[in-house]
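A.B. asks: Numbering (the numbering used here), first residue to last: 33 to 356.
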């Protein structure tokens, strides 16, 4: 079950979408700076309701956005009025309206134009298809490009380590990811002195290596990926997928994302990510180019991986994909 499409109105720097953005299983958002990539991810992040605490993190979606922007007003176009997020899921239209005016916050949710409460059970019943409250709670996970977010996430995961460990994510992530990017024989992520470390096997001995000592790119990725791996959401939203990552690490990240049965919507500024995506060839993948006009209208077009590969093979300037 995927998020099929999205349109927003007066959300962050976007006045309106010219038409709904259509999503596939694996989606890579591209565009110039301020083209709306992060805005699209943050809009999707609000599904199914912004005011329920995120699992293994303890803060709700509104708190995360306030944390990222300093003020929730930043998610409303020109800092005042009503922002609208509308997406299609399970062939039903989900709509969220957020109004901020004179310090007052009002939130309305509707499904197929019928108002529903902010209660997860009622939202699940309205969406139908046997979707449970627990599935809705873990439906969407968003990884913003924020070191401060990752620091706080690492602390919260450490505080809830028993819950993380019970999922087996601390072993799976090492087996499916770390073993592919380093030569060392690592076996699991564990906790020592309230800090996450990786257990390393040596001839006749064992060492515990701090995440920060295996490289900044791996550290940044592992903290976020451990959260995602533990929760197993239906949709993974990832802003700046390439952040601090070497091209070899980018390939491993894409392979890891491909190995799970979830929908991916990620943004990038990196040509390396684009090249590695073409090499990896995820099923049902596409590149979505975003463009925001001078009057803040958002338009988009899509490219298949075959079209991107053809562009690369012809020696054309791939950077043109970031400009439109």
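All residues carry an ideal CB built from backbone N, CA and C; glycine is no exception.
Among residues of its own chain, excluding the 5 on either side of residue 331, which ones have a beta-carbon nearer than 6 Å to its beta-carbon?
C.D. replies: Once the five neighbours on either side are set aside, the close Cβ partners of residue 331 are 50, 323.
A.B. asks: Could you compute how far the alpha carbon of residue 340 sits from the alpha carbon of residue 293?
C.D. replies: So the alpha carbons of these two residues sit roughly 24 Å apart.
A.B. asks: Quick check on the DSSP output: the beta strand (DSSP E) that includes residue 249 runs from which residue to which?
C.D. replies: Not the beta strand (DSSP E): residue 249 falls in the alpha helix (DSSP H), residues 248-263.
A.B. asks: Could you pull out every residue in the same chain whose Cβ sits closer than 6 Å to the Cβ of residue 41, ignoring the five residues on either side in sequence?
C.D. replies: For residue 41, where only same-chain residues beyond five positions count, the Cβ hits under 6 Å are 48, 116.
A.B. asks: Please classify residue 326: is it buried, with 16 or more other beta-carbons within 10 angstroms of its beta-carbon, or exposed?
C.D. replies: With fewer than 16 Cβ atoms within 10 Å of its Cβ, residue 326 is classed as exposed.
A.B. asks: Residues in its own chain within less than 6 Å of residue 218 by CB, not counting five upstream and five downstream?
C.D. replies: Once the five neighbours on either side are set aside, the close Cβ partners of residue 218 are 206, 210, 230, 232.
A.B. asks: Output needed for residue 90: all residues of its chain with C-beta closer than 7 Å, excluding positions within five of it in sequence on either side, in chain order.
C.D. replies: These residues qualify, in order along the chain: 188.
A.B. asks: First and last residue of the alpha helix (DSSP H) that includes residue 290?
C.D. replies: It spans 279-290 - the alpha helix (DSSP H) in which residue 290 sits, taken as one unbroken run.
A.B. asks: Can you give me the C-alpha to C-alpha distance between residue 39 and residue 296, rounded to a whole angstrom?
C.D. replies: When rounded, the distance between both Cα atoms is 17 Å.
A.B. asks: Which of the three DSSP states is assigned to residue 195 in this structure?
C.D. replies: The answer is helix: DSSP assigns residue 195 an H, G or I state.
A.B. asks: Can you tell me whether DSSP reads residue 126 as helix, strand or coil?
C.D. replies: Residue 126: strand per DSSP, three-state reduction.
A.B. asks: Check this for me: beta carbons of residue 312 and residue 286, under 9 Å apart or not?
C.D. replies: A contact, by the Cβ cut-off of 9 Å.
A.B. asks: Counting C-beta neighbours from all protein chains within 10 Å, is the total for residue 252 16 or more, i.e. buried, or is it exposed?
C.D. replies: Flag for residue 252 reads buried.
A.B. asks: On the premise that residue 87 lies in contact with residue 139, defined as a C-beta separation below 8 Å, what is that separation, rounded to the nearest angstrom?
C.D. replies: That belief does not hold up - the Cβ atoms of residue 139 and residue 87 are roughly 21 Å apart, past 8 Å.
A.B. asks: Just list the beta strand (DSSP E) runs in the region 105-160, keeping only unbroken ones of 3 residues or longer that don't cross its boundaries, in chain order.
C.D. replies: For the region 105-160, whole beta strand (DSSP E) runs of length 3 or above, ordered along the chain, are 113-121, 124-133, 136-143, 146-148.
A.B. asks: Give the single residue among 256, 78, 236, 289 whose Cα lies nearest to the Cα of residue 35.
C.D. replies: If we check each option's Cα against that of residue 35, 78 comes out closest.
A.B. asks: Nearest CA to the CA of residue 174: which residue from 127, 97, 274?
C.D. replies: That would be 97, whose Cα lies nearest to the Cα of residue 174.
A.B. asks: Per DSSP, what are the beta-bridge partners of residue 298 in this structure?
C.D. replies: Paired residue(s): 60, 270.
A.B. asks: Need the endpoints of the alpha helix (DSSP H) that residue 345 sits in, please.
C.D. replies: From DSSP, the alpha helix (DSSP H) with residue 345 extends over 337-345.
A.B. asks: Which of helix, strand or coil does DSSP assign to residue 293?
C.D. replies: Coil at residue 293, not helix or strand.
A.B. asks: Quick one, which of 342, 334, 132 has its alpha-carbon nearest residue 61's?
C.D. replies: Out of 342, 334, 132, 334 has the C-alpha closest to the C-alpha of residue 61.
A.B. asks: When you compare the CB positions of residue 55 and residue 314, do they come within less than 9 Å of one another, or not?
C.D. replies: No, the Cβ-Cβ distance between residue 55 and residue 314 is not below 9 Å.
A.B. asks: Can you grab the Cα-Cα spacing for the pair residue 222 / residue 254, in whole Å?
C.D. replies: The alpha-carbon atoms of residue 222 and residue 254 are separated by roughly 12 Å.
A.B. asks: Which same chain residues end up closer than 6 Å to residue 308 when comparing Cβ atoms and leaving out the 5 residues on each side of it in sequence?
C.D. replies: These residues qualify, in order along the chain: 282, 283, 286.
A.B. asks: Measure from the alpha carbon of residue 130 to the alpha carbon of each residue in 109, 143, 144, 124, then state which is nearest.
C.D. replies: It is 109.
A.B. asks: So, for residue 250: in the same chain, excluding its five sequence neighbours on each side, which residues have a beta-carbon less than 8 Å away from its beta-carbon?
C.D. replies: Around residue 250: 210, 213, 214, 243, 281.
A.B. asks: Check each candidate in 306, 263, 256, 257 and name the one with the smallest Cα separation from residue 279.
C.D. replies: Considering only alpha carbons, the answer is 306.
A.B. asks: In this structure, how does DSSP classify residue 55 when only helix, strand and coil are distinguished?
C.D. replies: Looking at residue 55 - three-state DSSP - the assignment turns out to be coil, as it is neither helix nor strand.
A.B. asks: If residue 273 and residue 299 are in contact, beta carbons under 8 Å, what's the gap, nearest whole angstrom?
C.D. replies: That pair is a contact at about 7 Å.
A.B. asks: Would residue 239 be called buried (16 or more neighbouring beta carbons within 10 Å of its own) or exposed?
C.D. replies: So residue 239 counts as exposed.
A.B. asks: Where do the N-terminal and C-terminal ends of the beta strand (DSSP E) with residue 174 fall, by residue?
C.D. replies: Taken as a continuous stretch (DSSP letters only), the beta strand (DSSP E) holding residue 174 covers 172-175.
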